[in-house]
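K.L.:
In my numbering, the protein residues as written are -18 to 123. Just so it is clear, CB atoms sit at the ideal spot from N, CA and C, and this is done for glycine as well. What follows is a single structure, and I will ask about it in a moment.
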């Protein structure tokens, strides 16, 4: 297994089963290569037409909620010796994962695989786009 220095792990806070698989693999690889880990959650942007119906603190509250969920997952790695950081981004999932991987200089991306629907088989899933466009290794945890 090649040595990695920075592992970017995508976290879907609504899919704990996939996240557990991803973190298991990240832990294995980080232990073998002494890599640091970044946990990334991507929030889907909401339509601006809802702004008049939502409280002014909605975005900040949602950001805080996602950060708190990531911190819970990061706490499962507290017995490790490598650094773990968290990041929350807002935008299209695949694009934000690719942008974060580049900005953070990650050399491995770990993503979870969702069961594809007919639409994702036709249009392409986030995982497929990340695998296709990433300039680094991508591990799809199943």
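1) Is the beta carbon of residue 124 less than 8 Å from the beta carbon of residue 7?
2) Pull up the distance between the alpha-carbon of residue 39 and that of residue 92, whole angstroms please.
3) Provide the residue span of the alpha helix (DSSP H) that contains residue 45, from first to last.
4) Taking just the CA atoms, how far does residue 35 sit from residue 116?
5) Quick check on DSSP: helix, strand or coil for residue 118?
6) Is residue 112 helix, strand or coil when you go by DSSP?
7) Excluding five sequence neighbours on each side, which residues of the same chain lie with their C-beta closer than 7 Å to the C-beta of residue -15?
8) Return the first residue and the last residue of the alpha helix (DSSP H) that residue -6 is part of.
9) Could you check where the alpha helix (DSSP H) with residue 79 kicks off and where it finishes?
10) Can you have a look at residue 108 and say buried or exposed, based on whether 16 or more other CB atoms are within 10 angstroms of its CB?
11) Closer than 6 Å by C-beta to residue 110: which residues in its own chain qualify, once you throw out the five before and the five after it? Chain order, please.
12) Can you tell me which of 18, -1 and 1 puts its alpha carbon nearest to the alpha carbon of residue 125?
P.N.:
Looking at the coordinates:
1) What the structure shows of the chain is the stretch from -18 to 123, and residue 124 is not part of that stretch, so it cannot be assessed.
2) Roughly 28 Å between the two C-alpha positions.
3) For residue 45, the uninterrupted alpha helix (DSSP H) segment begins and ends at 39 to 56.
4) Taking the straight line from one Cα to the other gives about 39 Å.
5) Three-state DSSP puts residue 118 in a strand.
6) Correct three-state label for residue 112: helix.
7) If we look at residue -15 and ignore the five residues flanking it on each side, its Cβ neighbours are 10, 14, 16, 88 and 89.
8) Counting along the chain, residue -6 falls outside any alpha helix (DSSP H), and DSSP gives it neither H nor E.
9) 74 to 85 is the span of the alpha helix (DSSP H), which, as asked, contains residue 79.
10) Looking at its Cβ environment, which holds 16 or more other Cβ atoms inside 10 Å, residue 108 is buried.
11) Within the same chain, and ignoring the five residues on either side of residue 110 in sequence, the residues whose Cβ sits closer than 6 Å to its Cβ are 75.
12) Absent from the model: residue 125. The displayed extent of the chain is -18 to 123, so no value can be given.
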